[in-house]
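S.K.:
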Amino acid sequence: MNLFDRGLQLESINENYEWDILVIGGGATGLGIAVDAATRGFKTLLLEQADFAKGTSSRSTKLVHGGVRYLAQGNIALVKEALKERGLLLQNAPHLTKNESIIIPCYSWFRGMFYTIGLKFYDWLSGKLSIGKSRLIGKKEIIERLPAIKKASLKCGVLFHDGTFDDARLALNLAQTCVENDGVVINYCKVLSLVKSRDSQIVGATFIDKETQVIYEVKAKAVINATGVFADDILKMDAPEDQPIIRPSQGIHLVLDNSFLQSKDAMMIPHTDDGRVLFAIPWYQNVIVGTTDTPLQIHSLEPRALDNEIDFVLNTAGKYLSKTPSRKDVLSVFAGLRPLAATTDSSEKTKEISRSHKVIISKSGLVSIIGGKWTTYRKMAEDTLSKIIRYKMLPFKKCVTEDLKIHGYEIAQSEIDSLSIYGSDTIGIKKLMAENASWKAPLVEGMEFTEAQVIWAVRNEMARTVEDVVARRTRILFIDARVACKVASKVAEIMMKELEKDVAWKNNQILTFQQLAKGYWLDND
Ligand SMILES: Cc1cc2nc3c(=O)[nH]c(=O)nc-3n(C[C@H](O)[C@H](O)[C@H](O)COP(=O)(O)OP(=O)(O)OC[C@H]3O[C@@H](n4cnc5c(N)ncnc54)[C@H](O)[C@@H]3O)c2cc1C
Numbered sequence: 461m462n463l464f465d466r467g468l469q470l471e472s473i474n475e476n477y478e479w480d481i482l483v484i485g486g487g488a489t490g491l492g493i494a495v496d497a498a499t500r501g502f503k504t505l506l507l508e509q510a511d512f513a514k515g516t517s518s519r520s521t522k523l524v525h526g527g528v529r530y531l532a533q534g535n536i537a538l539v540k541e542a543l544k545e546r547g548l549l550l551q552n553a554p555h556l557t558k559n560e561s562i563i564i565p566c567y568s569w570f571r572g573m574f575y576t577i578g579l580k581f582y583d584w585l586s587g588k589l590s591i592g593k594s595r596l597i598g599k600k601e602i603i604e605r606l607p608a609i610k611k612a613s614l615k616c617g618v619l620f621h622d623g624t625f626d627d628a629r630l631a632l633n634l635a636q637t638c639v640e641n642d643g644v645v646i647n648y649c650k651v652l653s654l655v656k657s658r659d660s661q662i663v664g665a666t667f668i669d670k671e672t673q674v675i676y677e678v679k680a681k682a683v684i685n686a687t688g689v690f691a692d693d694i695l696k697m698d699a700p701e702d703q704p705i706i707r708p709s710q711g712i713h714l715v716l717d718n719s720f721l722q723s724k725d726a727m728m729i730p731h732t733d734d735g736r737v738l739f740a741i742p743w744y745q746n747v748i749v750g751t752t753d754t755p756l757q758i759h760s761l762e763p764r765a766l767d768n769e770i771d772f773v774l775n776t777a778g779k780y781l782s783k784t785p786s787r788k789d790v791l792s793v794f795a796g797l798r799p800l801a802a803t804t805d806s807s808e809k810t811k812e813i814s815r816s817h818k819v820i821i822s823k824s825g826l827v828s829i830i831g832g833k834w835t836t837y838r839k840m841a842e843d844t845l846s847k848i849i850r851y852k853m854l855p856f857k858k859c860v861t862e863d864l865k866i867h868g869y870e871i872a873q874s875e876i877d878s879l880s881i882y883g884s885d886t887i888g889i890k891k892l893m894a895e896n897a898s899w900k901a902p903l904v905e906g907m908e909f910t911e912a913q914v915i916w917a918v919r920n921e922m923a924r925t926v927e928d929v930v931a932r933r934t935r936i937l938f939i940d941a942r943v944a945c946k947v948a949s950k951v952a953e954i955m956m957k958e959l960e961k962d963v964a965w966k967n968n969q970i971l972t973f974q975q976l977a978k979g980y981w982l983d984n985d
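This is how it looks when you write it as structure tokens:
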């Protein structure tokens, strides 16, 4: 029986039952905690107000990395920790991570030597979990590997290794791992309030099932606020008078056709005009270019790229690529919000605020985890559970995630194809394709996504809306927003049948999705 079914998961909700852990938020942080807790043997419930990874966790640069930038800032402990986690993630989820060669083009020999020394140190810090040696490369090799690079004044380059991954799929696979270890995870369930005992200790929460509008109350020994940029909203439910502790910082990415990079290798510009790092990373058939770091006062589940951010990414990419990209070349644009810890020093720039995570336990026992990054989600979860145990909110149970295989784990596939990212689930999708020849058909010309993947997403991956399928179970919205718009009606038709919905549901889904998708392309036409 497939346990990863929303209806079945909801059946576990019983107002008299006491969970050990209730996690609020189904992004990287919350899902990591839910996996850690369930695999330690704690009774674990996770509630996500939208879809898994709907927030920042589907909008990252897609790097599993130590953070070369933090090395330059001298934050060696943070880099070392992230490099260890990089190694563990590549080991535990080989089906959705990739060892990526990244090239830094250098326009002076001094820079070349400087980055080579720095990256040799980066390799050394990764110790046994190194994924490849950095080396200085000559102009000829750079041009062979990155034919689209601007050649004038180019002197040399440095090649190093980091990981890349599919962020939304890792989130989904973590949710599945949690359920396989007797945890319960439910999407489209929003926490509305915290429940307190007579002595003002948090003993549970109320939430609304957004599909039926039914409100539930659940009890838990520990309630964890893992809501990223929404953390202050939950903290306010606990102590309305408290000052905000999160300062969102927006980062955007533009997706371009790979003719702009013409390479399987990624490119990194370590020091842009505003002192940031710019990446161009091959992802699916396209290339992702970004990012920015713009402090914001507001947060939302659908942040929008600002014009000056778009111009900055286009102009900076144009300085290093022989074909300068313009707004009309952008296939998709997406923005994400970093949940950085607020600082009292107004002069501190967001790129200089520490990216390390913090676990805070309030007087009433609300556990909040803030900051961090995708790469270190496992360690963040371990630290959160360790603190809960130290505070005697739960008894000691050992963390087992260092070598826990993540759902879909599969190494050494004989043939790498568009389904490889599903790992051990590939076989199930191929079975569907064999059942019905039309399910093998591509959803849209020029992309390898099939009808079978939509059916699989509904039956086995808790996809509830067209957006879930087009944005996160497949990444069509992030690969090409116009294509995503075209594909919506076909996806809605398939989902209507699978979910036994009516035509009104289908039409509403198409309209809602198409409105959303327009926010992912420029120069709306
Ligand atoms: C532009 C950008 C690029 C990045 N690139 C990288 C990278 O390459 N590598 C890397 O390692 N890290 C990267 N990061 C960092 C990483 O993406 C984030 O640290 C991580 O995704 C944060 O996850 P989260 O779970 O804390 O937050 P989120 O993913 O935002 O999840 C929080 C969840 O809580 C839910 N929620 C909120 N309120 C409620 C409620 N009341 N009830 C139920 N659910 C609720 C939200 O719907 C949301 O899904 C990047 C971040 C940004 C912004």
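Numbered by this note's numbering, the letters in the sequence shown go through residues 461 to 985 in order.
Even for Gly, the Cβ is constructed at its ideal location relative to N, Cα and C.
Being a predicted model, the structure only gives us computed values, none of them experimental.
Taking the straight line between their C-alpha atoms, what separation do you get for Trp-916 and Ile-889?
M.R.: Numbered from 1 along the sequence shown, position 456 holds the residue referred to as residue 916. Numbered from 1 along the sequence shown, position 429 holds the residue referred to as residue 889. So the two alpha carbons sit approximately 7 Å from each other.
S.K.: Given the structure, does Trp-834 come close to ligand 1, in the sense that its CB is under 6 Å from one of the ligand's heavy atoms?
M.R.: One-based indexing of the sequence shown puts residue 834 at position 374. For ligand 1, at least one heavy atom lies less than 6 Å from the Cβ of Trp-834.
S.K.: Mind reading off the beta-carbon distance from Pro-799 to Ile-830? Whole number of angstroms is fine, and I expect it under 8 Å.
M.R.: As a working mapping, residue 799 is identified with position 339 in the sequence shown. As a working mapping, residue 830 is identified with position 370 in the sequence shown. About 6 Å separates the two Cβ atoms, so the contact holds.
S.K.: For Trp-834, which residues from the same chain have a beta carbon less than 7 Å from its beta carbon, with the 5 sequence-adjacent residues on both sides left out?
M.R.: Position 374 of the sequence shown, counting from 1, holds the residue named residue 834. Contacts found: Ala-488, Ser-517, Ser-520, Asp-627.
S.K.: Any idea if Pro-730 is buried or exposed, counting beta-carbon neighbours within 10 angstroms, 16 or more meaning buried?
M.R.: Indexing the sequence shown from 1 puts residue 730 at position 270. With 16 or more other Cβ atoms within 10 Å, it is buried.
S.K.: Please list, in chain order, all residues of the same chain as Met-728 whose beta carbon is under 6 Å from its beta carbon, the five residues on each side excluded.
M.R.: By one-based count along the sequence shown, residue 728 stands at place 268. Contacts found: Ile-562, Ile-564, Phe-739.
S.K.: To the nearest angstrom, report how far apart Gln-722 and Gly-778 are at their CA atoms.
M.R.: Residue 722 sits at position 262 when you count from the first residue of the sequence shown. Residue 778 sits at position 318 when you count from the first residue of the sequence shown. Approximately 14 Å, taken between the alpha carbons.
S.K.: Locate the beta strand (DSSP E) running through Asn-968, then write down its first and last residues.
M.R.: Position 508 of the sequence shown holds residue 968. Per DSSP, Asn-968 belongs to no beta strand (DSSP E); it is in the alpha helix (DSSP H), 963-978.
S.K.: With distances taken from CA atoms, which of Lys-696, Thr-751, Lys-865 is nearest Val-715?
M.R.: By 1-based counting over the sequence shown, the position of residue 715 is 255. It is Thr-751.
S.K.: Any chance the CB of Leu-470 is under 6 Å from a heavy atom of ligand 1?
M.R.: Translated into the one-based positions of the sequence shown, residue 470 becomes position 10. No.
S.K.: Can you have a look at Leu-761 and say buried or exposed, based on whether 16 or more other CB atoms are within 10 angstroms of its CB?
M.R.: Within the sequence shown, residue 761 is the residue found at index 301, counting from 1. Exposed: under 16 other Cβ atoms inside 10 Å.
S.K.: Evaluate Pro-708 with the Cβ neighbour count: other Cβ atoms within 10 Å of its Cβ, from every protein chain shown; 16 or more gives buried, anything less gives exposed.
M.R.: The count along the sequence shown starts at 1 and reaches residue 708 at position 248. It counts as buried.
S.K.: Taking 8 Å as the cut-off, does the region 565-582 touch the region 607-625 (at least 3 CB pairs, one atom from each stretch)?
M.R.: The answer is yes - the region 565-582 touches the region 607-625, with three or more Cβ pairs under 8 Å.
S.K.: For Ser-561, which beta-bridge partners are listed by DSSP?
M.R.: Start at 1 with the first residue of the sequence shown, and residue 561 comes out as number 101. DSSP lists His-621 as partners of Ser-561.
S.K.: How is the beta strand (DSSP E) around Glu-677 delimited, first residue to last?
M.R.: In the sequence shown, the residue the question calls residue 677 occupies position 217. First-last of the beta strand (DSSP E) with Glu-677: 675-685.
S.K.: Grab me the residues of Ser-806's own chain with a C-beta within less than 6 Å of its C-beta, minus the 5 sequence neighbours each way, in chain order.
M.R.: Here the question's residue 806 lines up with position 346 in the sequence shown. At Ser-806 the pLDDT is 48, less than 50, meaning the model places this residue with poor confidence and gives no usable figure here.
S.K.: Does the Cβ of Phe-570 lie closer than 6 Å to at least one heavy atom of ligand 1?
M.R.: As a first step, residue 570 is located in the sequence shown; it is residue number 110 there, counting from the start. Checking the Cβ of Phe-570 against ligand 1 gives no.
S.K.: Thinking just about the alpha-carbon of each residue, which of Val-929, Leu-976, Lys-788, Lys-610 is nearest to the one in Glu-953?
M.R.: As a working mapping, residue 953 is identified with position 493 in the sequence shown. If we check each option's Cα against that of Glu-953, Val-929 comes out closest.
S.K.: Based on DSSP bridge pairs, tell me the residues matched to Ala-801.
M.R.: As a working note, residue 801 is residue 341 in the sequence shown. DSSP output for Ala-801 lists Ile-706 as bridge partner(s).
S.K.: Determine whether the beta carbon atoms of Ser-792 and Ala-608 lie at a separation below 7 Å.
M.R.: Locating residue 792 in the sequence shown gives position 332, where the first residue counts as 1. Locating residue 608 in the sequence shown gives position 148, where the first residue counts as 1. No.
S.K.: For ligand 1, is there a heavy atom less than 6 Å away from the beta-carbon of Leu-971?
M.R.: Counted from its first residue, the sequence shown places residue 971 at position 511. No, ligand 1 has no heavy atom inside 6 Å of this Cβ.
S.K.: Going by the C-beta, is Gln-509 closer than 6 Å to any heavy atom of ligand 3?
M.R.: This structure lacks ligand 3; the ligands present are ligand 1.
S.K.: Let me know if Lys-724 comes out buried or exposed under the rule of 16 or more other beta-carbons within 10 Å of its beta-carbon.
M.R.: Residue 724 sits at position 264 when you count from the first residue of the sequence shown. Exposed, by the Cβ-count rule.
S.K.: Tell me which residue opens and which closes the beta strand (DSSP E) that Lys-656 is part of.
M.R.: Taking the first residue of the sequence shown as 1, we reach residue 656 at position 196. Note, Lys-656: beta strand (DSSP E), 649-656.
S.K.: For the region 568-635, which segments carrying the alpha helix (DSSP H) assignment without a break, of at least 4 residues, lie completely within its bounds, in sequence order?
M.R.: Listed in chain order, the complete alpha helix (DSSP H) runs (minimum 4 residues) inside the region 568-635 are 569-586, 599-605.
S.K.: When you compare each of Val-683, Gly-623, Ile-536, Lys-611 to Lys-823 by their alpha carbons, which one comes out closest?
M.R.: Along the sequence shown, one-based indexing puts residue 823 at 363. The option with the nearest alpha carbon to Lys-823 is Val-683.
S.K.: Could you give the DSSP three-state label for Val-639: helix, strand or coil?
M.R.: Within the sequence shown, the letter at position 179 stands for residue 639. Reduced to three states, the DSSP call for Val-639 is helix.
S.K.: Cα-Cα, which of Thr-687, Lys-681, Leu-654, Asn-968 is closest to Pro-700?
M.R.: The residue given as residue 700 occupies position 240 in the sequence shown. Here the closest residue by C-alpha is Leu-654.
S.K.: Please determine, among Asp-843, Gln-745, Ala-726, Ala-897, the residue with the shortest C-alpha to C-alpha distance to Phe-938.
M.R.: Locating residue 938 in the sequence shown gives position 478, where the first residue counts as 1. Ranking the options by Cα distance to Phe-938, first place goes to Gln-745.
S.K.: Counting only the same chain and skipping the five closest in sequence on each side, list residues whose C-beta sits under 6 Å from that of Met-893.
M.R.: For the purposes of this step, residue 893 is identified with residue 433 of the sequence shown, where counting begins at 1. Around Met-893: Trp-899, Lys-900, Ala-912.
S.K.: Between which two residues does the alpha helix (DSSP H) holding Asn-552 run?
M.R.: The count along the sequence shown starts at 1 and reaches residue 552 at position 92. 536-552 is the span of the alpha helix (DSSP H), which, as asked, contains Asn-552.
S.K.: For Val-773, I'd like the list of residues in its chain whose CB is within less than 8 Å of its CB, leaving aside the five on either flank, ordered along the chain.
M.R.: In the sequence shown, the residue the question calls residue 773 occupies position 313. Within the same chain, Val-773 has close Cβ partners Ile-712, His-713, Leu-714, Leu-738, Val-749, Gly-750, Thr-751, Thr-752.
S.K.: Less than 8 Å between C-beta atoms, sequence neighbours within five positions excluded: which residues of the same chain meet that for Ser-660?
M.R.: Here residue 660 refers to the residue found at position 200 when the sequence shown is read from its first residue. Excluding positions up to five away in sequence, the list reads Lys-823, Ser-824.
S.K.: According to DSSP, is Met-893 helix, strand or coil?
M.R.: If you number the sequence shown from 1, residue 893 lands on position 433. Helix, per DSSP.
S.K.: The beta strand (DSSP E) with Phe-739 in it runs from where to where?
M.R.: For the purposes of this step, residue 739 is taken as residue 279 along the sequence shown, with counting starting at 1. Note, Phe-739: beta strand (DSSP E), 738-743.
S.K.: Identify the continuous alpha helix (DSSP H) that holds Val-929 and give its terminal residues.
M.R.: Residue 929 sits at position 469 when you count from the first residue of the sequence shown. Run containing Val-929: none; DSSP gives neither H nor E here.
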